[in-house]
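As structure tokens, the structure follows; a few thoughts come after it.
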DNA sequence: TCGTTATATAAATGATTCGTTAAATAGAAA
DNA sequence: TTTCTATTTAACGAATCATTTATATAACGA
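Chains as they are written, first to last, in my numbering: chain A, 377 to 492; chain B, 377 to 492.
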């Protein structure tokens, strides 16, 4: 079982998620990634190190530039890990559907729905 | 868009993931959850607070006990967020398959005993 | 070579996290 | 009431994290 701590921790930061969203559109250099943010370039470099240590991105060396690209496998692993629990929320939805189907009319919604 | 920081951060801890795995089998009290771990019960209570603040679990009050139960919706949201990137890793696999199909032979393995 | 650009690393600092033990709270039971 | 049990909260230290500024490295171009 791979290490899940690092990738989950890496995703728990909005700057890093924004970096990933940018990289989903293609390679980008540190400069490209630093530009839209109000934080310094060294801070971006450290975020990139966190992402790379977590296996979420990889680096290519091109002259003095180091374009980063997404490495989606790590995200796929988290996706599958969460999928372990999929039955729980789908079961919940299914039972909710069943409940709704069994209701006579959707006339008025009751108070707050702590679905049990 | 819901807050993703807290749930991702909550999952970046093996003790908390183990707690979730236990709760996937049904409600459990703090005592139940503390037993298998080598850390103190107050430490477990704090982990539970982190999980609850992240929306991953909820608490029911039953006398002096406070059984926790899973709240899978938060995990479903993370699952969907990761699913945004699904095309990337599936595309990667697809291209890998295409590449493999286009190769003439499964080239020689560096191992020596190619038992045929 | 020398200067510029792209990026990383170091040092300093403040915030957060994770664990502990001790004390507080609140219901159950006697 | 008193005492037990379940749990939270407080207080604290060690470790880690995020950010900044300043410095280092490394490749390019003149």
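We put the beta carbon where it would ideally sit given N, CA and C, even for glycine.
A quick note: this is a predicted structure, and the numbers were derived from the prediction, not measured.
Task: Cβ contact (3+ pairs, closer than 8 Å) linking the region 402 to 414 of chain A and the region 433 to 452 of chain A - done: The region 402 to 414 of chain A vs the region 433 to 452 of chain A: in contact.
Open item on the list: Beta carbons nearer than 9 Å to chain B: which residues of the region 381 to 394 of chain A have them?
Closed with: So the close ones are 381, 382, 383, 384, 385, 386, 387, 388, 389, 390 and 393.
TODO: On the DSSP bridge assignment, give the partners of residue 435 of chain B in chain order.
DONE: Bridge partners of residue 435 of chain B: B:444.
TODO: Report yes if the CB atom of residue 500 of chain A is closer than 9 Å to the CB atom of residue 431 of chain A, and no otherwise.
DONE: The first residue shown for chain A is 377 and the last is 492, placing residue 500 of chain A beyond what the model contains.
- [ ] Could you have a look at residue 397 of chain B and say whether DSSP puts it in helix, strand or coil?
- [x] Assignment of residue 397 of chain B by DSSP, reduced to helix, strand and coil, places it in the helix class.
Task: Same chain, Cβ closer than 8 Å to residue 380 of chain A, neighbours up to 5 away in sequence not counted - done: In chain order, 453, 454 and 457 place their CB closer than 8 Å to the CB of residue 380 of chain A, counting only its own chain and leaving out the 5 sequence neighbours on each side.
- [ ] Note down, in chain order, each residue of its chain lying with its Cβ closer than 8 Å to the Cβ of residue 417 of chain B, except the 5 sequence neighbours on either side.
- [x] Result list for residue 417 of chain B: 406, 407 and 410, in chain order.
Open item on the list: Pull the bridge partners of residue 404 of chain B from the DSSP assignment, please.
Closed with: Residue 404 of chain B pairs with B:444.
Task: Near-chain A residues of the region 438 to 459 of chain B (beta-carbon distance less than 8 Å), N- to C-terminal order - done: Within the region 438 to 459 of chain B, the residues whose Cβ lies closer than 8 Å to some Cβ of chain A are 446, 448, 449, 451, 452, 454, 455, 458 and 459, listed in chain order.
Task: Short Cβ contact (9 Å threshold) for residue 420 of chain A with residue 437 of chain A - done: Contact flag unset, no.
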